[in-house]
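Protein chains: 2
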Amino acid sequence: MVGSVTTATDSNHRAREDAAARDVASPLGDRRDRFLLPERVIYLDGNSLGALPRAVPDRLAQAVTEEWGAGLISSWNSADWINLARRVAQKVGPIIGVPGSDVHVGDSTSVTLFKTMVAACRLRPGRTVVAIEPSTFPTNGYVASAVARLLGCELRWCDPADPTAALDEDVAVLALTHVDFRTGAMFDMGAVTGAAHDAGALMLWDLCHSAGAVPVELAEHGVDFAVGCSYKYLNGGPGSPAFVYVAPEHQTDLDQPITGWMGHAHPFDMDRDYAPAAGVGRMASGTHPVLALSALDAALDVFDGVDHHALRTASLSLTDYFIELVDARLGGQLEVVTPREHARRGSQVSLRHDQAYGVVQALIDRGVVGDFRTPDLARFGFAPMYVRHVDVYDAVEQLVEVMELEEYGRASYAVRNAVT
Amino acid sequence: MVGSVTTATDSNHRAREDAAARDVASPLGDRRDRFLLPERVIYLDGNSLGALPRAVPDRLAQAVTEEWGAGLISSWNSADWINLARRVAQKVGPIIGVPGSDVHVGDSTSVTLFKTMVAACRLRPGRTVVAIEPSTFPTNGYVASAVARLLGCELRWCDPADPTAALDEDVAVLALTHVDFRTGAMFDMGAVTGAAHDAGALMLWDLCHSAGAVPVELAEHGVDFAVGCSYKYLNGGPGSPAFVYVAPEHQTDLDQPITGWMGHAHPFDMDRDYAPAAGVGRMASGTHPVLALSALDAALDVFDGVDHHALRTASLSLTDYFIELVDARLGGQLEVVTPREHARRGSQVSLRHDQAYGVVQALIDRGVVGDFRTPDLARFGFAPMYVRHVDVYDAVEQLVEVMELEEYGRASYAVRNAVT
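So the sequence lines, in the order shown, correspond to chains D and R.
Here my numbering is used: the first residue of the first sequence is 7, the next is one more, and so on.
Here my numbering is used: the first residue of the second sequence is 7, the next is one more, and so on.
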């Protein structure tokens with residue numbers, strides 16, 4: 007017995023050394039050092055809430071104490087709060103393959119989706135259908151339904167396996183999520199966008215689960231609109247503001263429905279009539295959230311100098327490794343539902359199990375944080391900026407023990423929390 | 007000469023002692039100690055951006071470092087982020103005379119106005135007019151216009167002197183600003199709301215320039231809806247989230263247009279179809295801004311134990327004193343455009359002058375911060391929580407010198423900044 011344990015330990019040791027060697031070879035180098043991560047936690051939930059970039063606490067303290075507290079109203083000029091949303095947009099642009107001047111940042115993802123969908127539909131006045139696919143994040147369906155109702159359009163649910171089959175001459179907008187929040191499956195942005203354009207429709211991509219984790223090349227693919235949140239792989243903090251991209255050719259005629267003073271061409275003229283700002287600035291509505299944007303502004307510096315290829319290489323290496331270990335150690339017990347094909351995979355891996363909620367909770371109790379998505383998925387996000395191969399290795403070791411000991415069946419996991 | 011200077015100085019000394027005595031007698035006592043205010047600044051712009059409450063920096067640091075950084079995703083449960091918007095609403099409620107359970111907090115003021123106006127109009131489906139008055143903050147007009155267009159309604163501009171004259175059987179919603187942002191004039195909430203109801207219309211009040219500075223008794227007056235920002239007299243910080251009140255009798259049928267997952271009855275069921283949450287919770291759209299709400303949550307504790315009467319007494323004492331000093335020292339040079347009648351005055355005083363921009367800038371250079379509103383108003387806000395009578399006295403002394411020396415005519419004030 008002692009001998010076999012030693013052998014297993016030696017083998018484990020070698021395997022973990024192999025994982026550590028992969029980390030040394032990572033094209034993202036020591037980017038993890040730019041984050042403040044809790045000890046004794048393996049965090050595989052950056053696809054739900056990104057980790058805290060090291061620069062954020064000081065920046066936010068400065069925004070509060072110096073800018074707000076000491077500078078008061080003058081900070082709109084002296085700290086350039088007035089251009090803060092634009093400065094943040096400049097940092098988002100390169101991450102999604104477009105100039106920052108075509109990006110606006112400010113409202114929640116839901117609100118941004120709403121404004122963008124209405125504006126997109128209005129650019130195709132002769133068409134009466136908004137097409138989405140049912141595996142998208144629920145909000146997207148709720149918002150599309152609300153927009154269709156307001157504009158007197160029809161909501162069309164596509165087949166997730168081939169959403170382009172739903173395209174015809176009635177479709178004003180095809181709105182899809184680039185990476186599926188449940189399965190991590192990724193659409194071919196170029197092919198789908200091309201098909202939408204061939205049908206005369208506009209293409210709106212939701213980038214919540216791709217921006218900052220996989221290469222996104224909106225301009226290269228001729229995308230019309232894209233919306234994404236900033237609190238997942240962009241690490242902006244809980245509930246941080248969403249971004250929207252509007253292709254230059256649509257900006258002049260863009261007509262979004264929440265016309266607040268900050269989207270006016272001359273807000274401080276206080277005109278009675280609305281005149282939209284030039285360019286993407288007209289996507290603004292109210293006064294932008296300065297504290298939240300200050301945190302996001304500092305957070306985005308983590309991406310400074312990171313190219314899309316390096317990010318993708320690191321991400322695929324992590325998800326490949328996780329899948330490889332799960333296959334080897336847990337094949338048959340947990341189904342990998344995430345596509346194995348690189349071109350169709352985001353930066354997460356989801357495992358199916360009847361008691362997935364218990365699996366996730368047992369792992370959390372062991373310090374491995376993933377999350378559960380109803381009804382039967384254990385979801386693991388691999389934020390390439392700070393997740394290491396040794397984390398993947400250790401996480402699978404814990405998962406093996408959870409499965410061996412059937413910890414997922416504990417009575418305490420019968421009552422589900424609101425958020426896992 | 008020396009004798010007369012001494013006499014003036016003695017007189018000034020006595021006058022300032024009188025101001026200080028008024029401060030000692032203030033019903034708000036030492037509430038000012040709960041703020042971090044810069045030295046050598048007299049801040050009369052809390053009606054644009056409220057000062058920094060002392061409790062905010064530590065609370066925000068905790069939210070960032072402990073809750074986000076160390077707690078990560080688990081803080082949705084362990085730090086109860088999931089109920090943070092509701093906890094903040096509980097603190098807003100008493101300030102506007104309603105239970106916190108009828109209040110929602112989360113989006114920008116513009117977005118909140120949009121959602122509320124659409125929802126209000128939908129409650130009066132047979133009526134086709136949205137009525138507002140033209141002296142309101144520009145956003146309110148822009149949003150009302152956008153809502154009218156979306157719903158196929160007409161926008162009707164009322165006479166600011168008597169907006170109720172515009173009421174008839176076609177008006178679905180009368181939307182007014184309680185305290186005018188330019189002049190500080192205040193509507194009679196009870197009388198106007200009663201007139202709207204007599205005409206079968208719903209009443210929506212904008213409380214941006216009243217909540218936290220003057221008594222607001224929404225329930226007592228039977229108000230249907232109210233929206234307000236939290237970064238003025240509520241001191242939530244730059245761009246902090248807005249609140250909305252929905253009267254209980256409208257909550258069951260409330261149908262707001264931006265249906266995001268956080269307004270769903272069961273967000274984590276991830277249902278494809280939208281089912282609104284019970285009560286005012288359905289006003290939510292996206293994931294709420296946790297950092298901004300944490301700051302606001304701490305800021306609102308300043309109001310703990312402050313009653314409406316004390317707030318009003320302190321506010322009127324300050325604005326009365328300012329008007330009295332301006333009349334005495336500057337009568338004829340600057341016109342007080344704010345109503346002198348208490349019942350019609352908010353918590354600001356606006357002075358008209360052809361070179362109001364220069365007046366405001368010269369005062370700022372002397373450490374007295376008010377603001378300019380186009381075309382000819384110098385606006386001074388008296389946040390009763392932290393503005394003292396000695397500040398009023400000192401501000402007027404500075405204003406007298408600005409006028410005597412005609413500093414408002416300096417060439418450097420010819421170019422206007424975006425925000426004053």
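Glycine residues also receive a C-beta, built at the ideal position from the N, C-alpha and C atoms.
Pick from the options that is closest to residue i, judged by C-alpha positions
{"i": "Leu-340 (chain R)", "options": "R:His-359, R:Ala-248, R:Val-421", "result": "R:His-359"}
{"i": "Asp-394 (chain D)", "options": "D:Gly-200, D:Gly-75, D:Ala-26, D:His-19", "result": "According to the sequence as given, residue 394 (chain D) is Arg; it is not Asp. For the residues D:Gly-200, D:Gly-75, D:Ala-26, D:His-19, the minimum Cα distance to Arg-394 (chain D) belongs to D:Ala-26."}
{"i": "Gln-96 (chain R)", "options": "R:Phe-187, R:Val-109, R:Ile-88, R:Ser-84", "result": "R:Val-109"}
{"i": "Gln-361 (chain R)", "options": "R:Ile-370, R:Ser-54, R:Glu-412", "result": "R:Glu-412"}
{"i": "Ile-329 (chain D)", "options": "D:Asp-313, D:Gln-354, D:Cys-127", "result": "D:Gln-354"}
{"i": "Ala-167 (chain D)", "options": "D:Pro-140, D:Ser-151, D:Leu-369", "result": "D:Pro-140"}
{"i": "Gly-228 (chain R)", "options": "R:Leu-240, R:Met-195, R:Ser-246, R:Val-374", "result": "R:Met-195"}
{"i": "Tyr-237 (chain R)", "options": "R:Leu-34, R:Cys-214, R:Pro-221", "result": "R:Cys-214"}
{"i": "Gln-257 (chain R)", "options": "R:Asn-53, R:Gly-285, R:Ala-281", "result": "R:Gly-285"}
{"i": "Leu-43 (chain D)", "options": "R:Val-198, R:Glu-72, R:Gly-52", "result": "R:Glu-72"}
{"i": "Gly-112 (chain R)", "options": "D:His-294, D:Phe-231, D:Glu-23", "result": "D:His-294"}
{"i": "Glu-45 (chain R)", "options": "D:Leu-78, D:Val-70, D:Ala-67, D:Leu-66", "result": "D:Leu-78"}
{"i": "Pro-277 (chain D)", "options": "R:Asp-24, R:Ala-126, R:Pro-381", "result": "Reading off the sequence, residue 277 (chain D) comes out as Asp, not Pro. Here the closest residue by C-alpha is R:Pro-381."}
{"i": "Ile-264 (chain R)", "options": "R:Asp-279, R:Gly-242, R:Arg-288", "result": "R:Arg-288"}
{"i": "Arg-422 (chain D)", "options": "D:Arg-372, D:Leu-383, D:Leu-90, D:Gln-367", "result": "D:Gln-367"}
{"i": "Ala-76 (chain R)", "options": "D:Thr-319, D:Gly-243, D:Ala-171, D:Ala-316", "result": "D:Gly-243"}
{"i": "Arg-40 (chain R)", "options": "R:Pro-63, R:Tyr-419, R:Tyr-280", "result": "R:Pro-63"}
{"i": "Ala-184 (chain D)", "options": "D:Ala-172, D:Ala-197, D:Leu-173", "result": "The identity of residue 184 (chain D) in the sequence shown is His, whereas the question assumes Ala. If we check each option's Cα against that of His-184 (chain D), D:Ala-197 comes out closest."}
{"i": "Ala-21 (chain D)", "options": "D:Met-409, D:Arg-416, D:Ser-418, D:Asp-400", "result": "D:Asp-400"}
{"i": "Leu-383 (chain D)", "options": "D:Thr-145, D:Val-342, D:Ile-88", "result": "D:Val-342"}
Reduced DSSP category for residue i - H, G, I as helix; E, B as strand; rest coil
{"i": "Val-252 (chain R)", "result": "strand"}
{"i": "Ile-264 (chain D)", "result": "coil"}
{"i": "Gln-68 (chain D)", "result": "helix"}
{"i": "Phe-193 (chain R)", "result": "coil"}
{"i": "Met-289 (chain R)", "result": "helix"}
{"i": "His-359 (chain D)", "result": "coil"}
{"i": "Val-11 (chain D)", "result": "Legend: pLDDT at Val-11 (chain D) = 49, less than 50; position of this residue unreliable, value from coordinates given subsequently. Val-11 (chain D) falls in the helix class under three-state DSSP."}
{"i": "Tyr-414 (chain D)", "result": "helix"}
{"i": "His-19 (chain D)", "result": "helix"}
{"i": "Gln-339 (chain R)", "result": "coil"}
{"i": "Glu-347 (chain D)", "result": "coil"}
{"i": "Arg-133 (chain D)", "result": "coil"}
{"i": "Asp-176 (chain R)", "result": "coil"}
Contact under 7 Å by Cβ, residue i with residue j
{"i": "Ser-116 (chain D)", "j": "Gly-266 (chain R)", "result": "yes"}
{"i": "Val-98 (chain R)", "j": "Phe-249 (chain R)", "result": "yes"}
{"i": "Phe-143 (chain R)", "j": "Phe-187 (chain R)", "result": "yes"}
{"i": "Phe-378 (chain D)", "j": "Leu-324 (chain D)", "result": "no"}
{"i": "Leu-58 (chain R)", "j": "Trp-74 (chain D)", "result": "yes"}
{"i": "Val-149 (chain R)", "j": "Phe-120 (chain R)", "result": "yes"}
{"i": "Phe-274 (chain D)", "j": "Ile-101 (chain D)", "result": "no"}
{"i": "Ile-48 (chain R)", "j": "Val-402 (chain R)", "result": "no"}
{"i": "Glu-175 (chain D)", "j": "Thr-134 (chain D)", "result": "no"}
{"i": "Arg-335 (chain R)", "j": "Val-398 (chain R)", "result": "no"}
{"i": "Val-153 (chain R)", "j": "Val-177 (chain R)", "result": "no"}
{"i": "Ala-304 (chain D)", "j": "Ala-61 (chain D)", "result": "yes"}
{"i": "Ser-356 (chain R)", "j": "Thr-118 (chain R)", "result": "no"}
{"i": "Thr-122 (chain D)", "j": "Val-233 (chain D)", "result": "yes"}
{"i": "Gly-218 (chain D)", "j": "Tyr-251 (chain D)", "result": "no"}
{"i": "Arg-128 (chain R)", "j": "Asp-261 (chain R)", "result": "yes"}
{"i": "Ala-320 (chain D)", "j": "Leu-34 (chain D)", "result": "yes"}
Inter-residue CB distance, residue i and residue j (contact presumed, cutoff 8 Å)
{"i": "Thr-344 (chain R)", "j": "Ala-191 (chain R)", "result": "7 Å"}
{"i": "Thr-292 (chain R)", "j": "Ser-17 (chain D)", "result": "For the record, residue 292 (chain R) in the displayed sequence is Gly; it is not Thr. Not really, about 47 Å apart at Cβ, beyond 8 Å."}
{"i": "Ala-1 (chain D)", "j": "Ala-271 (chain D)", "result": "One cannot answer for residue 1 (chain D) here, as it falls past the ends of chain D, which runs 7 to 426."}
{"i": "Asp-36 (chain R)", "j": "Val-396 (chain R)", "result": "Between Val-396 (chain R) and Asp-36 (chain R) the Cβ distance is about 14 Å, and since that is not below 8 Å, they are no contact."}
{"i": "Arg-38 (chain D)", "j": "Met-268 (chain D)", "result": "With 8 Å as the limit, Arg-38 (chain D) and Met-268 (chain D) do not qualify as a contact, their Cβ atoms being about 36 Å apart."}
Same chain only: Cβ atoms within 6 Å of residue i, ignoring 5 sequence neighbours per side
{"i": "Leu-180 (chain R)", "result": "Ala-137, Ala-202, Ala-207, Met-209"}
{"i": "Ala-253 (chain R)", "result": "Asp-230"}
{"i": "Leu-156 (chain R)", "result": "none"}
{"i": "Ser-246 (chain D)", "result": "Ser-236, Tyr-237, Ala-298, Leu-302"}
{"i": "Ser-10 (chain R)", "result": "With a pLDDT of 47 at Ser-10 (chain R), under the threshold of 50, the modelled position of that residue is not reliable, and the figure given next carries that caveat. Same-chain partners within the cutoff: there are none."}
{"i": "Trp-163 (chain R)", "result": "Pro-140"}
Same chain, Cβ closer than 7 Å to residue i, neighbours up to 5 away in sequence not counted
{"i": "Arg-350 (chain D)", "result": "Ala-191, Met-192"}
Residue i CB to nearest heavy atom of the ligand MG below 6 Å
{"i": "Asp-230 (chain D)", "result": "This structure does not include the ligand MG; it has no bound ligands of any sort."}
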